[in-house]
Amino acid sequence: MFAIVAGGGKVGATVARTLLRRGHEVTLVEQRADRYERLEQEFEHQIQLGDATEMFVLERAGIARPAEIVIAVTGDDEDNLVIGQLSREKYEVERVIARVNDPRNQQLFDLLEIPQTVSATQMVLGLIEHEVPAHELIHLLELKKENLEIVEVEIEPGAPAAGKRVDELALEDARLISVLRDGKAEIAVGSTKLQAGDQVLAILEPGREDDLRRLLLKR
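Rendered as C-alpha cells:
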C-alpha cells in the first residue's frame with residue numbers, strides 16, 4: 007500500500023513510522039522547515055517539505071500514482087479539510103482519513119463528506135489496518151488506567167487454535183472476548199470452538215501479544 011501522510015507532528019510521524027515498519031510505502035509531507043530537517047534524518051527520501059494543501063506538493067508526493075490512502079493529520083483543521091477534499095475530489099483517492107483537532111469542526115467535515123475522521127494516533131492506525139490486514143494483531147483500544155489493551159486478530163489456517171475450544175487454549179495473560187464468524191458475533195466462552203478465518207477480539211496486558219500470535223497465527 008502506498009500512503010501519503012500530511013503533517014509531521016507527533017501523530018503524523020508515528021503513523022508514518024508504523025506504516026513503514028509494517029512494510030507499506032509512505033511519503034510524509036511536512037511544511038515546517040525546522041520539523042522537516044529533524045524528521046529528514048529519520049525518514050530520508052520518504053519525507054518532503056511543503057504545504058500539502060497545494061496541489062503541486064501532493065503531486066510531488068506521488069498522489070497521482072495513485073496513492074491508495076491519504077492521511078491528513080496536521081494540527082490545523084482547515085488544512086486537513088482542504089487536503090481531504092483535494093484528495094477525494096481532484097485525485098479520486100479511494101480512502102481519506104482526516105484528523106479533527108477541534109470537535110466543533112466535526113460537522114463541517116461531515117458536511118463536506120470526509121467520511122473517516124479521527125482524533126488519536128491509534129484510531130488512525132486502526133482504521134488503516136482494518137482495510138489493509140496484514141495477518142497481524144490489530145490494536146483497537148488502549149485502556150491506560152487498567153494497563154490493558156484490546157486487539158483483533160484473524161485466525162490463520164493451520165494455526166494451533168484452529169479447530170480447538172477456547173478452554174483448550176493455554177492463555178495465561180489474555181482473554182478472548184468475542185468471535186466474529188460469517189458476519190455474526192458471539193461472546194467467547196469456554197465451549198466456543200474456533201475456526202480458521204474467525205475474527206477474534208481479545209484483552210491483554212501490553213507486551214503480551216506473543217501468546218496470541220503463537221496460538222492464532224500460523225507458525
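To convert, take the position in the sequence shown, counting from 1, and add 6; that gives this note's numbering. Cβ atoms here follow ideal geometry from the backbone N, Cα and C, with glycine treated the same way. In this text, all values refer to a predicted model and were calculated from it rather than measured experimentally.
>> My assumption, with CB atoms under 8 Å, is that Ala194 sits in contact with Val172. Please give the rounded CB distance.
In response: The pair is a contact, with the Cβ atoms about 5 Å apart (cut-off 8 Å).
>> Going by DSSP, what residue range makes up the alpha helix (DSSP H) through Val17?
In response: Start and end: Lys16 to Arg27.
> Measuring CB to CB, does Ala202 end up less than 9 Å from Ala165?
Replying inline: Less than 9 Å divides the Cβ of Ala202 from the Cβ of Ala165.
> Hey, how far is the Cα of Thr33 from the Cα of Arg110?
Replying inline: Inter-residue distance for Thr33 and Arg110 is about 30 Å (C-alpha atoms, whole angstroms).
> Which runs of the beta strand (DSSP E), 3 residues or longer, sit entirely within the segment 145-198?
Replying inline: Runs of beta strand (DSSP E) with 3 or more residues, each lying fully within the segment 145-198, are found at 154-160, 180-187 and 190-193, listed in chain order.
> Quick one, are the C-beta atoms of Leu154 and Glu215 less than 9 Å apart?
Replying inline: No, Cβ-Cβ distance for Leu154 and Glu215 is not below 9 Å.
> Ends of the alpha helix (DSSP H) at Ile53?
Replying inline: No alpha helix (DSSP H) contains Ile53, which is instead part of the beta strand (DSSP E) from Ile53 to Leu55.
> Is the segment 67-74 touching the segment 40-50, taking contact as three or more C-beta pairs under 8 Å?
Replying inline: Fewer than three beta-carbon pairs drawn from the segment 67-74 and the segment 40-50 are found closer than 8 Å, and the two stretches are therefore not classed as touching.
>> Assuming contact is defined by CB atoms lying nearer than 9 Å, are Gly13 and Ala78 in contact in what I supplied?
In response: The answer is yes: Cβ separation under 9 Å.
> If you drop the 5 nearest sequence neighbours on each side, which residues of the same chain put their C-beta closer than 8 Å to that of Glu162?
Replying inline: Counting only Cβ-Cβ distances below 8 Å, and skipping sequence neighbours, we find His141, Ala168, Ala202, Leu222, Leu223 and Lys224.
> Ends of the beta strand (DSSP E) at Arg101?
Replying inline: Going by DSSP, Arg101 is part of the beta strand (DSSP E) stretching over Arg101 to Arg105.
> At which residues does the beta strand (DSSP E) containing Glu36 begin and terminate?
Replying inline: Counted as a single uninterrupted DSSP element, the beta strand (DSSP E) harbouring Glu36 occupies residues Glu31 to Glu36.
> Asp83 and Asp108 look like a contact to me (Cβ under 8 Å); what is the Cβ gap, rounded to whole Å?
Replying inline: Contact between Asp83 and Asp108 is confirmed by a C-beta separation of about 6 Å, below the 8 Å threshold.
>> Taking only three categories from DSSP, how would you classify Ala73?
In response: Here Ala73 sits in coil by DSSP.
>> For Val102 and Leu92, I'd like the C-alpha separation in whole angstroms.
In response: Going by the C-alpha atoms only, they are around 10 Å apart.
>> Suppose you measure from the CA of Val29 to the CA of Val106; what does that come to, to the nearest Å?
In response: Per the sequence shown, residue 29 should be read as Gly rather than Val. Computed Cα separation, rounded: 27 Å.
>> DSSP has Gln205 in a bridge; who is on the other side?
In response: Listed as beta-bridge partners of Gln205 by DSSP are Glu160 and Leu186.
>> On the DSSP letters alone, give me the boundaries of the beta strand (DSSP E) that Ala9 sits inside.
In response: Ala9 -> beta strand (DSSP E) spans Phe8 to Ala12.
> I think Ala191 touches Ser197, with their Cβ atoms under 8 Å apart; what is that distance to the nearest whole Å?
Replying inline: That pair is no contact at about 16 Å.
>> What would DSSP say about Ala39, mapped onto helix, strand or coil?
In response: Three-state result, Ala39: helix.
> Between the C-alpha atoms of Leu182 and Lys170, what's the straight-line distance to the nearest angstrom?
Replying inline: Leu182 and Lys170 have their C-alpha atoms spaced approximately 13 Å apart.
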